[in-house]
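Participant: One structure, as structure tokens, below. Some questions next.
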Ligand SMILES: [Mg+2]
């Protein structure tokens, strides 16, 4: 079939419920206690979230960001490097406690399966966390993680790699995501169809290229796809 779908993960198919922050702050608390330092939760959250934003933007590696958090909150110490190095594994290990699917995610994928529609995930983030999150909600298609593929949404390169993974031209792929700019704007600029999953009342900025379709629940997607495939199957005229 000359059609397939790419999905965003976070806030589109699943949530991780502050998994990274929780694990990161546990490390800080443990080191603070071991070093006899006070622990200021509000400050620790602010420092951690700044670091999280910097590695999510791809500005620094995860380990570098976590090392910076530890230095800032519990000072220098021999165990900082080890803790920063263990962070990825620890987060991936703890993921099952935190990751939840959005309502209807697995049922929607089942419907796509029965329509014969292939799909893949394109997500900004790091490995192995994003792959682990995808598997935890039962996503069994290919998973393209920005850190691994060397391209981040909304760049054209990221969406082109998705289309390549699906062995289709970009215009034969729809991309489904919750973020107007990163998901929909990026997909449209790369020539894909964009489906905006509007469920958090975020609003769609007028300066971003509008999506081709809008859904408010995941179970709306298979119907939309079915309509598209039926229309595409009709002879022209
Ligand atoms: Mg998202």
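In the numbering used here, the protein residues as written are 9 to 245.
Note that the Cβ used here is the ideal one computed from N, Cα and C, for glycine as well.
With distances taken Cα to Cα, identify the nearest neighbour of residue 44 among 233, 82, 176, 113.
Facilitator: Closest by alpha carbon: 82.
Participant: Tell me which same chain residues have a C-beta within less than 8 Å of the C-beta of residue 170, skipping the five on either side of it?
Facilitator: Excluding sequence neighbours, residue 170 sits near 14, 128, 130, 152, 181, 183, 200.
Participant: For a test of your reading of the model: does the CB of residue 20 fall under 6 Å from any non-hydrogen atom of ligand 1? Yes or no.
Facilitator: Yes, the Cβ of residue 20 comes within 6 Å of a heavy atom of ligand 1.
Participant: What residue ranges within the region 63-123 form continuous alpha helix (DSSP H) runs of no fewer than 4 residues, ordered along the chain?
Facilitator: Complete alpha helix (DSSP H) runs here, min 4: 70-82, 87-106, 113-123.
Participant: Ordered along the chain, which non-local residues of its own chain (more than five positions away) have a Cβ less than 6 Å from that of residue 32?
Facilitator: Cβ within range, chain order: 56.
Participant: So for residue 32, helix, strand or coil by DSSP?
Facilitator: Residue 32 falls in the helix class under three-state DSSP.
Participant: By alpha-carbon positions, which one of 220, 108, 54 ends up nearest to residue 142?
Facilitator: Here the closest residue by C-alpha is 108.
Participant: Out of 20, 230, 189, 220, which has the shortest C-alpha to C-alpha gap to residue 213?
Facilitator: That would be 189, whose Cα lies nearest to the Cα of residue 213.
Participant: Does the separation of the CB atoms of residue 156 and residue 122 fall below 7 Å?
Facilitator: No, Cβ-Cβ distance for residue 156 and residue 122 is not below 7 Å.
Participant: Counting along the chain, where does the alpha helix (DSSP H) carrying residue 164 start and finish?
Facilitator: Taken as a continuous stretch (DSSP letters only), the alpha helix (DSSP H) holding residue 164 covers 164-173.
Participant: I'd like to know if the region 88-107 and the region 22-39 are in contact, where contact means that at least 3 CB-CB pairs between them fall below 8 Å.
Facilitator: Taking 8 Å as the limit for Cβ pairs, the verdict is that the region 22-39 does touch the region 88-107.
Participant: By alpha-carbon positions, which one of 178, 147, 206, 196 ends up nearest to residue 220?
Facilitator: Of the listed residues, the one whose Cα sits closest to residue 220 is 196.
Participant: Can you give the Cα-Cα distance for residue 112 and residue 51, rounded to whole angstroms?
Facilitator: So the two alpha carbons sit approximately 37 Å from each other.
Participant: With a threshold of 6 Å on Cβ separation, who are the neighbours of residue 11 within its own chain once the five nearest residues in sequence on each side are excluded?
Facilitator: Excluding sequence neighbours, residue 11 sits near 180.
Participant: Please report how far the alpha carbon of residue 100 lies from the alpha carbon of residue 229, in whole angstroms.
Facilitator: Approximately 29 Å, taken between the alpha carbons.
Participant: Using 8 Å for Cβ pairs, my map puts residue 207 next to residue 222. What's the rounded Cβ distance?
Facilitator: That belief does not hold up - the Cβ atoms of residue 207 and residue 222 are roughly 10 Å apart, past 8 Å.
Participant: Just to confirm before moving on: does the CB-CB distance between residue 191 and residue 19 stay below 7 Å?
Facilitator: Not a contact, by the Cβ cut-off of 7 Å.
Participant: Compare the C-beta of residue 15 with all C-beta atoms of chain D and state if any pair is closer than 7 Å.
Facilitator: Of the chains in the structure shown, none is chain D; there is only one protein chain.
Participant: Name the two residues that bound the continuous beta strand (DSSP E) containing residue 126.
Facilitator: Note, residue 126: beta strand (DSSP E), 126-131.
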